Ligand SMILES: *[C@@H]1O[C@H](CO)[C@@H](O)[C@H](O)[C@H]1NC(C)=O
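Numbering (mature numbering (1 follows the signal peptide of the UniProt record, and there is no 0)), first residue to last: -25 to -1, 1 to 157.
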């Protein structure tokens, strides 16, 4: 945690410093589609953001805050929950004791991330956008902590889990950038 949090703040600063630039898109698509495109545009990976928002039936009619809510409450939270489940399963059938401990720490990390994201949802509802982003950043730091712990200890997990963790990072990045502009 001691290492993960400053790293996370650094990347937050980096992503905030990247310039805001959007032109076009608007004429090509419907109004709702345009809002999703616009909100997701500054994400590092807009396609992951767009796919998440569209996966929710309310996505097409959501406003700015609604879009942020879908990313945090639906996509990120579900992702954290399924990653927690994956870590539980992986920790129960490990090759070694060391690996089991690392995977259990990851399980705890995603469990804590789920709690952070529930609080972030509440803060978004209360229009406290600084606290919302603080909690999304904290939840992201937990994933970074898990990933670095696995890398440092050469613990490997199935590609599908690695992929889900990347999606989790991309969605966190999208939420942070969207909420930051409120
Ligand atoms: C990870 O969890 C999800 C949701 O429970 C599940 O669909 C997926 O198969 C799991 N992946 C692995 C590799 O266990």
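Glycine included, each C-beta is placed from N, C-alpha and C at the ideal position. Quick caveat, the model's predicted, so the values are computed rather than measured.
Quick check: the Cα distance between residue i and residue j, rounded to an integer number of angstroms?
| i | j | result |
| --- | --- | --- |
| residue 7 | residue 37 | 8 Å |
| residue 91 | residue 46 | 14 Å |
| residue 23 | residue 64 | 26 Å |
| residue 138 | residue 25 | 17 Å |
| residue 60 | residue 155 | 30 Å |
| residue 76 | residue 131 | 13 Å |
| residue 118 | residue 12 | 26 Å |
| residue 10 | residue 27 | 14 Å |
| residue 151 | residue 133 | 28 Å |
What residue does the alpha helix (DSSP H) around residue i start on, and which one ends it?
| i | result |
| --- | --- |
| residue 131 | Run containing residue 131: none; DSSP gives neither H nor E here. |
| residue 121 | 104 to 127 |
| residue 39 | 39 to 44 |
If you run the structure through DSSP and keep just helix, strand and coil, what is residue i?
| i | result |
| --- | --- |
| residue 20 | coil |
| residue 68 | coil |
| residue 33 | coil |
| residue 101 | coil |
| residue 141 | helix |
| residue 152 | helix |
When the distance is taken between beta carbons, is residue j closer than 7 Å to residue i?
| i | j | result |
| --- | --- | --- |
| residue 62 | residue 50 | no |
| residue 85 | residue 116 | no |
| residue 78 | residue 88 | no |
| residue 99 | residue 44 | yes |
When you measure from the CB of residue i to every non-hydrogen atom of ligand 2, does any distance come out below 6 Å?
| i | result |
| --- | --- |
| residue 136 | Ligands in the displayed structure: ligand 1; ligand 2 is not one of them. |
For the structure I just gave you, are there three or more beta carbon pairs, one from the region 15 to 32 and one from the region 107 to 118, closer than 8 Å? Segments in contact, no.
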